[in-house]
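What follows is a short report on a single structure.
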Amino acid sequence: MVGMGLTSCQSTSSIHSPKEYYRNGISAKTARDTSDANHRSATPAVRSARVTRVVRATSPRFIPPAPPNFNTPKEAPRRSPPISGPVILAGEKLLAQRGNAKSYSVKIGGTEWVSLELWGKTQKGWYGRIQKGKEEFYRIVVSGMRLDLRPKRRLISCQGMQIWMGFGPEMIGGHLYIHHLDIQKHLVPLAAGMPDLGRVAVIDAGHGRDNKGTRSTFNREYEKEYTLDWARRLKPLLERKGWRVYLTRVEDKSMSLTDRVKFADRVNASIFISLHFNAAAASVSGLETYCIAPVGMPSHLTRGNPDPVKAMLPNNPWDEASFQLAARVHNQMLVNCRMPDRGVRRIRFMTVIKGQKRPAILVEGGYLSNPNEARKINTGAYRQRLAAGIAAAL
Ligand SMILES: [Zn+2]
8 MVGMGLTSCQ
18 STSSIHSPKE
28 YYRNGISAKT
38 ARDTSDANHR
48 SATPAVRSAR
58 VTRVVRATSP
68 RFIPPAPPNF
78 NTPKEAPRRS
88 PPISGPVILA
98 GEKLLAQRGN
108 AKSYSVKIGG
118 TEWVSLELWG
128 KTQKGWYGRI
138 QKGKEEFYRI
148 VVSGMRLDLR
158 PKRRLISCQG
168 MQIWMGFGPE
178 MIGGHLYIHH
188 LDIQKHLVPL
198 AAGMPDLGRV
208 AVIDAGHGRD
218 NKGTRSTFNR
228 EYEKEYTLDW
238 ARRLKPLLER
248 KGWRVYLTRV
258 EDKSMSLTDR
268 VKFADRVNAS
278 IFISLHFNAA
288 AASVSGLETY
298 CIAPVGMPSH
308 LTRGNPDPVK
318 AMLPNNPWDE
328 ASFQLAARVH
338 NQMLVNCRMP
348 DRGVRRIRFM
358 TVIKGQKRPA
368 ILVEGGYLSN
378 PNEARKINTG
388 AYRQRLAAGI
398 AAAL
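Numbering (this note's numbering), first residue to last: 8 to 401.
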């Protein structure tokens, strides 16, 4: 946990059911298959025929997302996205289009809003209105990834994984329009895949010495001990993949947040990842990944700090790359750890992130205030999975 107070958002439990879980996985594979090869979509009958096993979720709230169709870290970032075909999952129905959006963008009160449908065309994407049960939402498939969006809701899903945008989409003239900053800072980076992240990682074990962090409700152990163990487990995994890895601390020592930023400058880090565990009400659980809020976009979480949306912070030039890193790491953590998904979020107040001159993220590996998660976090096996999740993303 970082900063004072509790997390302000505690009502982000997933909207999907566990049953949907394996279907999403299967269908996502179908989406990749079709977009990579001949752009044809499998029929629902074909898709269900491919389902050969039922995967049981470890928690009723746990929905593992399908891996995003990012390019691998060693590839050059893609210049133009591949053509994407329709993805309709089991239980979903494609609704007729209400005509086509007429203008790519419209200005309302000086703010530019961009048609999701017409932006999708520039990305060789597929766009549709979908009904599931009584609910309607909009889906865009770009780079073989399905993104589901709803009017007025900042929370979107990418391959079933939660991402908090800056602004809720608006219905304008019967069509869904997205705030231009969300297009630029969320949807474009997702479609583009991964940037070149270099090969020098600073892994920051949160807290240390007198700054003990939050405390486990299971055994009263401090967060600082668990973050250090997580960092130590992660280092060799990344080194095996060719990364040069520096830990901000290798023992129980105190280190200020600005010194952690300076440390990353000194070793010329190409990425920075800060490791933490969280605390809130006992019922709150799951993984969260944070990166810098772009200029003009409100933070998802302020913990009582000011949120100067117009301020250009040192980390802002990297806010697309930080988000791409966050999305990938968050995804692989969910896949590896089978934990509830509390989403990729934007913040502005975290000192350890905002001063960085490189892609930087902060990962919260679960809630020490939640009895089940505190017990889990106390096991080496779980902390190893946390480490493996990050390593798999890089
Ligand atoms: Zn912390």
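Even for Gly, the Cβ is constructed at its ideal location relative to N, Cα and C.
Note that the coordinates shown come from a computational prediction; the quantities given were computed from them, not determined experimentally.
- Annotated three-state conformation of F144 is strand, per DSSP.
- Here the C-alpha atom of K364 lies approximately 22 Å from the C-alpha atom of N312.
- The straight-line gap separating the alpha-carbon atoms of Y145 and R86 is approximately 25 Å.
- Positions of the beta strand (DSSP E) runs, each at least 3 residues long and wholly inside the segment 327-367, are given as 348-354 in order along the chain.
- Selection I90, R136, G387 and T358 evaluated against D314 yields T358 as nearest (Cα-Cα).
- If you check the CB distance, A286 and T234 do not come in under 8 Å.
- G387 sits in a helix when the DSSP states are folded into three classes.
- Collapsing the DSSP output to three states places G127 in a helix.
- Within the chosen limit of 7 Å, ligand 1 reaches the beta carbon of E230 through at least one heavy atom.
- In chain order, S122, E124, L125 and H182 place their CB closer than 6 Å to the CB of A108, counting only its own chain and leaving out the 5 sequence neighbours on each side.
- Given a length threshold of 3 residues, each whole run of the beta strand (DSSP E) inside the segment 187-226 is given here in chain order: 207-212.
- DSSP places E230 inside the alpha helix (DSSP H), whose first and last residues are E230 to R247.
- Put simply, of S290, G303 and V302 the residue whose alpha carbon is nearest the alpha carbon of E380 is S290.
- In this structure, the C-beta of H214 approaches ligand 1 to less than 7 Å from one of its heavy atoms.
- Residues E327, F330 and Q331 of the same chain have their beta carbon placed closer than 6 Å to that of P196, with the five preceding and five following residues left out of the count.
- Per the C-alpha coordinates, the member of R345, S263 and N338 positioned closest to I360 is S263.
- Distance between G350 and Q169, taken at the CA atoms: about 4 Å.
- By DSSP's assignment, K100 forms a beta bridge with Q138.
- Within a 10 Å sphere around the beta-carbon of G98 sit fewer than 16 other beta-carbons, which makes this residue exposed.
- Using a cutoff of 7 Å, the CB of T221 counts as near ligand 1, since one of the ligand's heavy atoms is closer than that.
- According to the DSSP assignment, R273 belongs to the alpha helix (DSSP H) that extends over L264 to R273.
- Per DSSP, reduced to three states, the secondary structure at L375 is coil, with no helix or strand assignment.
- When secondary structure is reduced to three states using DSSP, R86 falls in the coil class, being assigned neither helix nor strand.
- Closest option to I368, judged by alpha-carbon separation, among C298, K317 and P321: C298.
- With a cutoff of 8 Å on beta-carbon distance, V370 and L282 are scored as near each other.
- Leaving aside the five residues that flank V302 on each side, the residues in its chain whose CB is nearer than 6 Å to its CB run, in chain order, M319 and N323.
- Here DSSP, grouped into helix, strand and coil, assigns N323 to helix.
- Distance from the CA of N275 to the CA of W325, rounded to the nearest whole angstrom, comes to 15 Å.
- Per DSSP, the beta-bridge partners of F279 are V209 and A367.
- Beta-bridge partners assigned by DSSP to S112: V121.
- When the five nearest sequence neighbours on each side are left out, the beta carbons in the same chain lying within less than 8 Å of the beta carbon of D217 are those of S261, in order along the chain.
- When the Cα atoms are used, T224 and P378 turn out to be separated by approximately 6 Å.
- Per DSSP, reduced to three states, the secondary structure at I397 is helical.
- Bounds of the beta strand (DSSP E) holding D155 are M152 to L156.
- Listed in chain order, the non-local C-beta contacts of H187 below 8 Å within the same chain comprise S112, T118, E119, W120 and V121, local neighbours out to five positions each way being set aside.
- In the DSSP secondary-structure assignment, H182 is bridged to I179.
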